Amino acid sequence: MGLTGYEFTGHEVVDSHLTLEQALAPIPGHPEVPPEILAEQRLLDVKSWGRLDHLEHRGQIVVNDQITDTVAGFFVEAYNRYFPMGPVVPAANTTFVGIDPEGRPFTGLLGNDTNMMHNNVTSGFNHRPIDGTDRLSTHGYGLAMDVNPGLNAYKRFDAAGNLISSQPANCLEDPNLPGTFSAWHPLVHYMLKRNIIWGGLWHGKVKDNHHFGYDEH
Ligand SMILES: [Zn+2]
């Protein structure tokens, strides 16, 4: 991919090794992706430090061409800082083996955001509506990525500022754990400098601490 900052040695743990066609394959039950949106998507091969095994991992992320350089740079920064990460796998994956929130095993991410969050999967493009709405998420355009949702929760608050919900249910949410974002985290600053907003800085009743994107919030 012409990335600088790391080289692949062939000894990495491989979490994803899809072709672009596989990474953009239609997902059953998801809205059809318009061809102009599909044409903007790029598949990046990225290297990261595994959060659980501390080994070098090779993963993949699909993002819009508009943010490809920024996202590639983010992964280089993260790697150079030994930032630990869960598996980096496209939403269209059909082979990932994980455990759902009810404790049942599943095979294939298939764009299921709940399962992706519950298994701490980092990903970008996912052509889906915002949870509870019929509006397309910025993920639907590949203009966002979710990083380490197992450590960084998606939270909703009521008008008085009380927490209503937090996802995923198994989120560790310890600000001292490496891999957890905060407003002063260097990777958050890296993205802000490139006009990509961290969901932890959204105004209003939702904070999404694993989300980075071109958002309106
Ligand atoms: Zn997101």
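Basically this note's numbering = 1-based index in the sequence shown + 281.
Note that beta-carbon positions come from the ideal geometry of N, C-alpha and C, so glycine has one too.
All values derive from a computational prediction rather than experimental measurement.
Exercise for the section: Indicate the three-state DSSP secondary structure (helix, strand or coil) for E271 in the structure shown. Expected result: Outside the displayed span of the chain (282 to 498) sits residue 271, for which this structure offers no information.
Exercise for the section: For the beta strand (DSSP E) holding Y471, just list the boundary residues, first then last. Expected result: That residue, Y471, is in no beta strand (DSSP E); its alpha helix (DSSP H) goes P467 to L473.
Exercise for the section: Tell me whether E373 counts as near ligand 1, meaning its Cβ is closer than 7 Å to at least one heavy atom of that ligand. Expected result: Going by the sequence as given, residue 373 is Ala instead of Glu. Distances between the C-beta of A373 and the heavy atoms of ligand 1 are all 7 Å or more.
Exercise for the section: Specify, as a first and last residue, the run of the alpha helix (DSSP H) that Y360 falls within. Expected result: Looking at the DSSP string, the run of the alpha helix (DSSP H) that includes Y360 is T349 to N361.
Handout entry: Pick from P312, A304 and T300 that is closest to R416, judged by C-alpha positions
Key = Ranked by how close their Cα comes to the Cα of R416, the residues P312, A304 and T300 have P312 in first place.
Practice task
Identify, in the order they occur along the chain, each residue of the same chain with its Cβ nearer than 8 Å to the Cβ of D496, setting aside the five sequence neighbours on each side.
Solution key: Taking C-beta separations shorter than 8 Å and ignoring five residues to either side along the sequence, the partners of D496 in its chain run T419, A425, I478, G480 and W483, following chain order.
Exercise for the section: Kindly list the residues whose CB is nearer than 6 Å to the CB of I459, restricted to its own chain and excluding five residues on each side of it in sequence; keep chain order. Expected result: Contrary to the premise, residue 459 reads as Pro rather than Ile in this sequence. Excluding residues within five positions, the ones whose Cβ falls inside 6 Å are P365.
Practice task
Between the Cα of H374 and those of P410, C452, N396 and Y435, spot the shortest distance and give me the residue it belongs to.
Solution key: Reading the sequence as shown, one finds Asn at residue 374 and not His. Among P410, C452, N396 and Y435, the Cα nearest to that of N374 is on N396.
Problem - Near ligand 1: D412 beta-carbon under 7 Å from a heavy atom - result: Checking the 7 Å criterion, the Cβ of D412 is out of range of every heavy atom belonging to ligand 1.
Handout entry: L325 beta carbon less than 8 Å from that of V295
Key = In this structure, V295 keeps its C-beta atom at 8 Å or more from the C-beta atom of L325.
Handout entry: Counted within 10 angstroms of its Cβ, other Cβ atoms place I411 as buried (16 or more) or exposed
Key = Its Cβ having fewer than 16 others within 10 Å, I411 is exposed.
Practice task
Identify the continuous alpha helix (DSSP H) that holds A304 and give its terminal residues.
Solution key: Run containing A304: L301 to A304, per the alpha helix (DSSP H) assignment.
Practice task
Pair every Cβ in the stretch 354–373 with every Cβ in the stretch 460–473, then say whether three or more of these pairs are closer than 8 Å.
Solution key: Contact between the stretch 354–373 and the stretch 460–473 is present, because at least three Cβ pairs lie under 8 Å.
Practice task
Report the option in P456, G405 and G485 whose CA atom is closest to the CA atom of H492.
Solution key: Ranking the options by Cα distance to H492, first place goes to G405.
Practice task
Mind checking which residues open and close the alpha helix (DSSP H) that includes H399?
Solution key: Where H399 is concerned, the enclosing alpha helix (DSSP H) stretches over D394 to H399.
Handout entry: Any beta strand (DSSP E) of 3 or more consecutive residues that is wholly inside the stretch 373–454
Key = If only complete runs of 3 or more residues are kept, the stretch 373–454 shows the beta strand (DSSP E) at 378–380, 386–388, 425–427, 435–438 and 444–448, in order along the chain.
Practice task
May I have all residues whose beta carbon comes closer than 6 Å to any heavy atom of ligand 1, sorted in chain order?
Solution key: Chain-ordered list of matching residues: H420, A425, D427, D489 and H492.
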